[in-house]
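Right, one structure below, let's go through it.
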Amino acid sequence: MLSTKDNERLTRIGPGTPAGELLRRYWQALCPVADLYPDVEADRRLRADLDTGAWTRWGELTRQTIEDAGQHEVLNWICLAGAMAAIGHHARVVDFVESWVFNSSKCFALFAPA
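Each step along the sequence shown adds one to the number in our numbering, with nothing skipped, and position 30 is 22.
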């Protein structure tokens, strides 16, 4: 069991305290639990676009739409798909894993030359 002194040292997080200074050195990701929902339907639409080659309409998505769906990774996919198309490579979805945990559906694709 911790002594009162050690307990105070570990649990006080105000400015100038050891634990407080440690927390302030690193970014702490926090969000309301209500925001941690998967938008699996939006994930399915994006995957269908990738399957059919209609991913170019991803460029019509607004940042707000992407963020509201919790699909921040899509910003990377838009860049990747555009770059691959520019050099003549087309996506082939190898696997798509749906998850109902923290917006974590995952798509595994290969971009082979046409």
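Ideal Cβ positions, reconstructed from N, Cα and C, are used throughout, including at glycine.
Start-to-end residues for the beta strand (DSSP E) that takes in residue i
{"i": "Arg84", "result": "81 to 89"}
As assigned by DSSP and simplified to three states, the class of residue i
{"i": "Ala101", "result": "strand"}
{"i": "Trp92", "result": "coil"}
{"i": "Gly74", "result": "helix"}
{"i": "Leu38", "result": "helix"}
{"i": "Glu0", "result": "helix"}
{"i": "Leu14", "result": "helix"}
{"i": "Leu67", "result": "helix"}
Same chain, Cβ closer than 6 Å to residue i, five either side skipped, listed in chain order
{"i": "Asp35", "result": "Ser97"}
{"i": "Ala75", "result": "none"}
{"i": "Phe100", "result": "Val86, Asp87"}
Contacting residues, own chain, Cβ-Cβ under 7 Å from residue i (five flanking each side not counted)
{"i": "Val89", "result": "Ser97, Lys98"}
Range covered by the alpha helix (DSSP H) that runs through residue i
{"i": "Asp60", "result": "55 to 60"}
{"i": "Thr48", "result": "No alpha helix (DSSP H) contains Thr48, which DSSP labels as neither H nor E."}
Distance between beta carbons of residue j and residue i, contact taken as under 8 Å
{"i": "Asp31", "j": "Gly62", "result": "6 Å"}
{"i": "Val66", "j": "Leu38", "result": "6 Å"}
Beta-carbon proximity list for residue i, same chain, < 8 Å, skipping 5 on both sides
{"i": "Met(-7)", "result": "none"}
{"i": "Ala104", "result": "His81, His82, Arg84"}
| Touching by the beta-carbon criterion (3+ pairs, under 8 Å), the stretch 78 to 85 and the stretch 41 to 48 | A contact exists between the stretch 78 to 85 and the stretch 41 to 48.
| How do the stretch 71 to 79 and the stretch 8 to 16 stand: do at least 3 beta-carbon pairs fall below 8 Å, yes or no? | Touching, no, given that fewer than three Cβ pairs across the two stretches are closer than 8 Å.
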